[in-house]
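Quick note on this note's numbering: the sequence shown kicks off at 782 and runs consecutively.
All C-beta atoms, glycine included, are put in the ideal place defined by N, C-alpha and C.
Computed from a prediction, not measured in an experiment: that's the story for all the values here.
Written out below as structure tokens is the structure these notes cover.
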Amino acid sequence: PPDVPDCVGSHWLSYVTVEDVDALATKTKELGGQVLAEPQDIPGVGRYCVIKDPTGAVIGLITFPG
782 PPDVPDCVGS HWLSYVTVED VDALATKTKE LGGQVLAEPQ DIPGVGRYCV
832 IKDPTGAVIG LITFPG
């Protein structure tokens, strides 16, 4: 996408299914990580966010409708 910085480069982003995306985004901030993409809905898919831990590792979190 055009809003991704050039420094990101080519990469893969894995997603992990979790119970509560919003709670884990909050916990990430409490533990010193960053939320790169705030929790948001993907219509017909679920709710997701993208987080980065304090060491720089990035992963996506997703909750599918129950």
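| query | result |
| --- | --- |
| Own chain partners of V831 with C-beta closer than 8 Å, once the 5 adjacent residues on each side are dropped | L794, V816, L817, A818, V839, I840, G841, L842 |
| Among P824, V797, P835, T844, nearest to K810 - alpha-carbon criterion | P835 |
| For A818, three-class secondary structure by DSSP | strand |
| Reduced DSSP category for T809 - H, G, I as helix; E, B as strand; rest coil | helix |
| V839 in three-state terms, based on DSSP | strand |
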